[in-house]
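Mapped onto full-length UniProt numbering, the consecutive letters of the sequence shown carry residue numbers 1 to 371.
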Amino acid sequence: MTHAAAPTSSPDGTMPPAPSGRLMALDAARAVAIIGMIAVNVGPRNGGGWAGHLYQIPLGRSSLLFMLLAGVGMSLLTRSARRPGGAVPWRTIVWRAALLTVGGLALQLMGHDVSVILPTYGLLFLLCLPLLKAPAAVLASAAAVLFAVGPVLWIAAQVAGGETYRFVPPTLADGPAEILHGIVLSGPYPALVWAVPFLVGMALGRADLGERSVQKRLAVWGGAAMVGGYLLYRLLVALVGEPGESIGFDRLVSGVNHSQMPLWLLSGTGSAALVLALFLLGGDAMSRRLGPLVSVGRLSLTIYVGHLLLLAMLVRPEPHTLPQGILISAAISLAAVLFAALWTRRFRYGPLEALLRWPPPKAAPDAAERR
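Here it is as structure tokens:
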């Protein structure tokens, strides 16, 4: 996939192929997720007033968008495997899972004060292997089951164990059991719950996202889920009250960001689908006006890791005030846009994105699989 501007030759001497509007929309949506996560991770999260509320909009939504797009990308990566005689690129997927898991756990050791989402990615990449040839209906059914059961099991595990998870992310210094428990249950991105947006993304990746009618339906249903989930949360709270401080099944009515509860999943995943639909509906505007944003999406892993390094080495313990947070977030985001725009003029893949492509596929991937 290439930048919207006329590209130069890639390092191997070939010209990058022309991107499709669908892939450019995915990259633009991924860029929005990354920039939103930068704002959330920079902080602070206690700003008041209208500016503070606006600054908090990405909280609990950008990461869900990032996860949904990972599912879409997985379906595109394995599209040829669903053709007659097609083979699953399991070596590439296992490599990516290992790289993201180990790298994410190592990044968690740094002083950036951010919960790294990459280990959950890695585990979900492994767990999805048996589903890569499954039809969209199976994926949607699995997502629906986990949507209903995952939060209940997450609460039940805490009730049975007599503890309340503190969302402490696992690190590379932890033992295997602690790491697995943290990724699956007790960490900030428990795979038991976060598999829902990933599976929804995989199901969406089976659809013809270039079809206008599909894009419109995605926008309508995504918007309905976003608004409906939030309104139902407010209604239930008005009827039965806010959940108590201690963990219990009364928390199932919550729609608070990162609550791991169904209504938050419904609203947040709906907003993610709506963002994707809006960029898909944008069509040719991607290439005319949003080239730099598309470039950020193409280098999403590099920029995600890069912003963690910047936070650890240059920013922390700041920011302490909302204006500082806005300024630092804007500076990192602008640097990301400039870096991505310059890099993609010369190279086909970002520095870390190139690592994800090992081992090389046996056959050259088609345009929908370059990821």
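Glycine included, C-beta positions come from ideal geometry on N, C-alpha and C.
Determine whether the beta carbon atoms of residue i and residue j lie at a separation below 9 angstroms.
i           : j      : result
Leu266      : Leu236 : no
residue 372 : Leu123 : Given that the chain is displayed from residue 1 to residue 371, the structure contains no residue 372 and the question cannot be resolved.
Met74       : Ile93  : yes
Ala29       : Leu69  : yes
Leu309      : His112 : yes
Lys133      : Arg82  : yes
Val102      : Pro169 : no
Ile328      : Pro317 : no
Tyr121      : Leu100 : yes
Ile35       : Ala312 : no
Ala143      : Val196 : yes
Ala330      : Pro292 : no
Val296      : Ile303 : yes
In angstroms with no decimal places, state the Cα-to-Cα distance between residue i and residue j.
i      : j      : result
Leu276 : Ala33  : 10 angstroms
Leu278 : Gln215 : 8 angstroms
Gly248 : Leu118 : 28 angstroms
Ala203 : Trp194 : 15 angstroms
Glu163 : Asp27  : 40 angstroms
Tyr233 : Arg346 : 48 angstroms
Gln158 : Gly187 : 12 angstroms
Ala31  : Met24  : 10 angstroms
Gly48  : Pro323 : 11 angstroms
Ala97  : Pro89  : 13 angstroms
Thr344 : Glu245 : 48 angstroms
Ala160 : Arg166 : 16 angstroms
Gln108 : Ser213 : 42 angstroms
Ala4   : Arg289 : Confidence in Ala4 is poor, its pLDDT being 35 and thus under 50, which makes the residue's placement too unreliable to answer from.
Cys128 : Leu192 : 13 angstroms
Trp95  : Glu242 : 43 angstroms
Report the option in the options whose CA atom is closest to the CA atom of residue i.
i      : options                        : result
Gly60  : Ser80, Leu76, Met37            : Met37
Gly150 : Tyr189, Leu310, Leu218         : Tyr189
Leu41  : Ala341, Met226, Pro351, Ile326 : According to the sequence provided, residue 41 is Asn. The question's Leu does not apply to it. Of Ala341, Met226, Pro351, Ile326, the residue nearest in Cα terms is Ile326.
Leu299 : Val159, Gly350, Ser259, His307 : Gly350
Phe66  : Leu301, Trp358, Trp343, Gly223 : Leu301
His258 : Ser63, Arg30, Gly52, Tyr55     : Ser63
Glu353 : Pro319, Val305, Thr321, Ala330 : Val305
Gly282 : Leu109, Phe339, Ala219, Gly104 : Ala219
Val315 : Val296, Thr344, Met110         : Met110
Gly71  : Val227, Ala140, Ile303         : Ala140
With a threshold of 6 angstroms on Cβ separation, who are the neighbours of residue i within its own chain once the five nearest residues in sequence on each side are excluded?
i      : result
Arg22  : Leu209, Gly210
Ala368 : Legend: pLDDT at Ala368 = 39, less than 50; position of this residue unreliable, value from coordinates given subsequently. Excluding positions up to five away in sequence, the list reads Leu76, Arg79.
Asp366 : For Asp366, the pLDDT reaches just 44, beneath the cut-off of 50, and the residue's location in the model is therefore unreliable, although a value from the coordinates is still provided. Excluding sequence neighbours, Asp366 sits near nothing in its chain.
His307 : Ile38, Ile332
Ala364 : Summary for Ala364: the model assigns pLDDT 41, below 50, so the residue's position carries little reliability; its value from the coordinates is reported in the next sentence. For Ala364, where only same-chain residues beyond five positions count, there are no Cβ hits under 6 angstroms.
If I measure Cβ to Cβ from residue i and keep anything under 8 angstroms in the same chain, skipping five residues before and after, which residues do I get?
i      : result
Trp221 : Gly270, Ala273
Ile155 : Ile247, Gly248, Phe249, Arg251, Leu252
Gly13  : Below a pLDDT of 50, predicted positions are generally treated as unreliable, and Gly13, at 32, falls in that range; no measurement from the model is reported.
Pro135 : Arg206
Arg45  : Gln56, Leu59
If you drop the 5 nearest sequence neighbours on each side, which residues of the same chain put their C-beta closer than 7 angstroms to that of residue i?
i      : result
Ala106 : Leu172
Gly255 : Gly229, Tyr230, Tyr233, Met261, Leu263, Trp264, Ser267
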